[in-house]
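Presented below is the structure to which this report refers.
There are 2 protein chains.
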Amino acid sequence: MPRPTVKDVAAAAGVSATTVSRVLAGNYPVSASTRNRVLRAVQELDFVINAQARALVGGSTRTVAFIVRDLVGPLFAYIGQGVEQQATAEGRVCLVCTHHGDAERELELIELMREQQAEAVVLVGGGLRTPEHIERTAQIARSLERVGSRLVLCGRPPIGPDAPATVVEYDNEGGAFAVTNYLISLGHRRIAFVGAAEPEHTTTSARFDGFTRAHRAHGLTVDAELVVGGNFDRESGYQQTKALLARGTELTAIIGITDMVASGVLAALREAGLRVPEDVSVAGYDDIPLSADLSPALTTVHIPHEELGRAAVRLALHRDEYALDQHLLLGTHVVIRDSTAPPREDHAG
Amino acid sequence: MPRPTVKDVAAAAGVSATTVSRVLAGNYPVSASTRNRVLRAVQELDFVINAQARALVGGSTRTVAFIVRDLVGPLFAYIGQGVEQQATAEGRVCLVCTHHGDAERELELIELMREQQAEAVVLVGGGLRTPEHIERTAQIARSLERVGSRLVLCGRPPIGPDAPATVVEYDNEGGAFAVTNYLISLGHRRIAFVGAAEPEHTTTSARFDGFTRAHRAHGLTVDAELVVGGNFDRESGYQQTKALLARGTELTAIIGITDMVASGVLAALREAGLRVPEDVSVAGYDDIPLSADLSPALTTVHIPHEELGRAAVRLALHRDEYALDQHLLLGTHVVIRDSTAPPREDHAG
DNA sequence: TTGTAAGCGTTATCAT
DNA sequence: ATGATAACGCTTACAA
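Same order as they appear, the protein sequences are chains A and Z.
When we follow the working numbering, the leftmost residue of the first sequence carries the number 744, and every step to the right adds one.
When we follow the working numbering, the leftmost residue of the second sequence carries the number 744, and every step to the right adds one.
The following block contains the structure:
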């Protein structure tokens, strides 16, 4: 026997399909005896409602989509956790897709989620901020709005005041400012910034901006030699640091653009026989769980990961209530652990 | 204007809805000029098809569900990555839910996925193996089969020969045997096993069985004092190790039931002033990326995480082709790193 | 090559 | 309190 339908249940209970629907929805008075007969039939037939058919007539799929670079990065995973939890709490199911850093693929996925009639489409993590990509994203926001859905940018800056998108950011630039400022306050004057390639990437540019602003605030300028490229992973931190050391660039501290990068930085320094923090201070960004387990435990910038994900879903699903507040900026703060200390006397600025 | 439908497109292109459907599906001859008019109308109206409506008539939702304890554990994340990638590769979208270790909730979620008409429901990670839970899982497998869906157990043993479920396991017991055997071969005789609470949990019991079998294979018996409880996280490893040391239990090696547990073990040993591997050898299980970054880098058991996820989806979606092979057992192997060495002379067995 | 009509499983509307 | 009927947006016979 194929999947039973409301009709089958209705027949088994000796009632109409309408009554079955009412019992299941519980939004309409039904006599106790009828209800019981229906429920018994549901049990016997092992009936479950067809969510697609319900969505077709009812309007909403009660589905939230969640588009992310990878499932495996701890940062994304925690944001995803927040998205999934809030979605569940709001009685929604959660679709998940990964784009592996391919901006083109990201746009395709949004289209796919539009087919799926997701009530909200959450884009997690930074993205490109080229004019072209911003314009396309804005178009997508409008497309989604047209069909009653909502684009949510989570951990990415707004794409313009006219684009109908919910934005839940964290203070990326402020965190970079704070951690840089902390190192400068400790006495560091030659601080390297590892991972600065791709200035079009919103995360990269915001963090680098904070780094620069902190220097300016202290009347310092950033030596271009101390700013090196790479991406967001451990291997990049390792390679870039080796290169820095090989060049003999003078420095007393290194900021990795992410904790993963910083973990590679630590490895390269250890390999070079340099002690952290005695010889070189190291800081990261993201405060992923790993950072507390590194040796030495990593000074880093905390991001309210899970709250980002939760807020993204909450705002998008209640945009009637939060109509004026569809842009949220959550705070970041420096977490001081064991990888940072004042520079050695002979290096102090 | 609300979401445009095939009818709107048909009207705009001056054709029938059927023709629009045919153009979109591309499974039926349509004249080039008509096709172009339709495609232009699709563009102009910014039309996307309604996946629910299509599923309602077409039969399949092209959706795979993925039920996991948490999104954040690296082990689950990698398996999830495999599931998502294979699902995408097969043109499916991926639903994800978390149960946070609540077996009851897990069953509810399966029910929810049945409503969603998921083509396959992948259960990731170990579960309880109480007769009651097994029977309920078997019932669920049958329920899913009845509606054309499929239960997939990924990283969990079969629930009985009669239950219609796809099983993709890794050799949990074999890996535990191998790593224990390795430590014994190094000369260790007093090896602690941290994380053995919950013997009803399939993962716990399989790993503990392997541990025991390795001892037996060498004519050794396991001292009950060396087997301590706890769960699968870092904190547990830390606390249990502290307790072991406080009791003064004599030991030369410790196996953590997971890498996270082992990372807690390392922290507790470091705190106690014991060197790894000089004073105590430590091994983990799972080979999560973190394990290579610990100091010392952790000897552990490798699980083909991603392949587990991929195989789960592949087998379930092609069960006509793989009809005879709906039970896959993937191999595990020991990865030897720096946390294990022969015991010190004065301790050697 | 194209169109008409029926139907997928559910709910909302209007009767009774 | 319950039921008949239409409608949701799409595809798939069957016709033309």
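Backbone N, C-alpha and C fix where the C-beta goes; we use that ideal spot for every residue, glycine too.
task: Answer yes or no: do Z/V839 and Z/V937 have a C-beta to C-beta separation smaller than 7 angstroms?
output: no
query: Which of the three DSSP states, helix, strand or coil, is assigned to Z/H1070?
result: strand
Whole-number beta carbon distance between Z/E888 and Z/P907, since they are thought to touch under 8 angstroms: 4 angstroms
task: Check whether the Cβ of Z/T841 lies closer than 7 angstroms to any Cβ atom in chain A.
output: yes
- request: Using the Cα positions of A/I810 and A/T947, report the straight-line distance between them to the nearest angstrom.
  value: 20 angstroms
task: Report yes or no: do the stretch 817-834 of chain Z and the stretch 1045-1062 of chain Z share at least 3 C-beta pairs separated by less than 8 angstroms?
output: yes
query: What beta strand (DSSP E) runs, 3 residues minimum, are completely inside the stretch 982-1040 of chain A?
result: 996-999, 1024-1026
query: Going by other Cβ atoms of all chains shown within 10 Å of its Cβ, with 16 needed for buried, is A/D1063 buried or exposed?
result: exposed
query: With respect to the alpha helix (DSSP H) encompassing A/A960, which residues constitute its N-terminal and C-terminal limits?
result: 945-960
message: When you compare the CB positions of Z/V1044 and Z/V1077, do they come within less than 7 angstroms of one another, or not?
response: yes
query: Taking all protein chains shown into account, do 16 or more other C-beta atoms lie within 10 angstroms of the C-beta of Z/L1072, making it buried, or fewer, making it exposed?
result: exposed
task: Might you give, ordered along the chain, the residues of its own chain that have their beta carbon closer than 8 angstroms to the beta carbon of A/E1088, omitting 5 neighbours on each side?
output: none
task: Return the CA-CA distance between Z/E1050 and Z/G953, expressed in angstroms with no decimal places.
output: 22 angstroms
- request: Return helix, strand or coil for Z/E849, following the three-state DSSP convention.
  value: helix
- prompt: In whole angstroms, what separates the C-alpha of A/G897 from that of Z/Y1065?
  reply: Correcting the residue type first, residue 897 of chain A is Cys in the shown sequence and not Gly. The alpha-carbon atoms of A/C897 and Z/Y1065 are separated by roughly 41 angstroms.
message: Let me make sure I understand the geometry here. Which of A/V971, A/R977, A/S1006 has the alpha-carbon closest to that of A/T992?
response: A/V971
message: Just to confirm my understanding: we take A/T1095, look at its own chain, exclude 5 residues before and 5 after, and list those with CB closer than 7 angstroms. What are they?
response: Any answer about residue 1095 of chain A is impossible in this case: the structure gives chain A only from 744 up to 1092.
field: Neighbouring residues, chain Z, relative to A/R1053 (Cβ below 8 angstroms)
entry: Those within 8 angstroms of A/R1053 in chain Z number zero; the least Cβ separation is about 13 angstroms.
query: Can you tell me whether A/L892 is buried or exposed, with buried defined as 16 or more other CB within 10 angstroms of its CB?
result: At residue 892 of chain A the sequence reads Ser, which differs from the Leu that was named. The residue is buried, with at least 16 neighbouring Cβ atoms inside 10 Å.
- request: Name, going along the chain, the residues of the stretch 793-816 of chain Z whose beta-carbon falls closer than 7 angstroms to a beta-carbon of chain A.
  value: N793, A794, Q795, A796, A798, L799, T804, D813, L814, V815
message: So with CB distances below 7 angstroms, who are the chain Z contacts of A/A820?
response: L814, V815, A820
query: Among Z/V864, Z/P772, Z/G980, Z/Q859, which one has its Cα closest to the Cα of Z/G1052?
result: Z/V864
query: In chain Z, which residues lie less than 7 angstroms from A/C897 when you measure between Cβ atoms?
result: Result: empty, since nearest Cβ-Cβ is about 14 angstroms, beyond 7 angstroms.
message: Just to confirm the assignment, what range does the beta strand (DSSP E) spanning Z/F936 have?
response: 934-937
field: Beta-carbon neighbours of A/S1038, restricted to chain Z and to distances below 7 angstroms
entry: S1038
- prompt: Taking any Cβ of chain Z, which residues in the stretch 877-903 of chain A have a Cβ under 8 angstroms from it, in chain order?
  reply: S886, R889, V890, G891
- request: For Z/I1079, name the three-state secondary structure that DSSP assigns.
  value: coil
query: What are the boundary residues of the beta strand (DSSP E) that includes A/E912?
result: 908-913
Residues of the stretch 1002-1027 of chain A whose Cβ lies closer than 7 angstroms to any Cβ of chain Z, in chain order: S1006
- request: Taking 7 angstroms as the cut-off, decide whether the C-beta atoms of A/L894 and A/A935 are in contact.
  value: no
- prompt: Whose C-alpha, out of A/Y913, A/L988, A/R959, A/T984, is nearest the C-alpha of A/A939?
  reply: A/T984
message: I'd like to check one pair, Z/I1046 with Z/Y913: are the Cβ atoms closer than 7 angstroms?
response: yes
query: Does any CB atom of chain Z fall closer than 7 angstroms to the CB of A/G1092?
result: Its pLDDT being 44, under 50, A/G1092 is placed unreliably by the model, and nothing is read from it.
message: Assuming Z/I927 and Z/A957 are in contact, meaning their beta carbons sit under 8 angstroms apart, how far apart are those beta carbons, in whole angstroms?
response: 6 angstroms
Chain-ordered chain Z contacts of A/E827 [CB-CB under 8 angstroms]: L814, V839, C840, T841
- prompt: With 16 other CB atoms within 10 Å as the buried threshold, where does Z/R1095 fall?
  reply: In the structure displayed, chain Z extends from 744 to 1092; residue 1095 of chain Z sits before or after that span and is not available.
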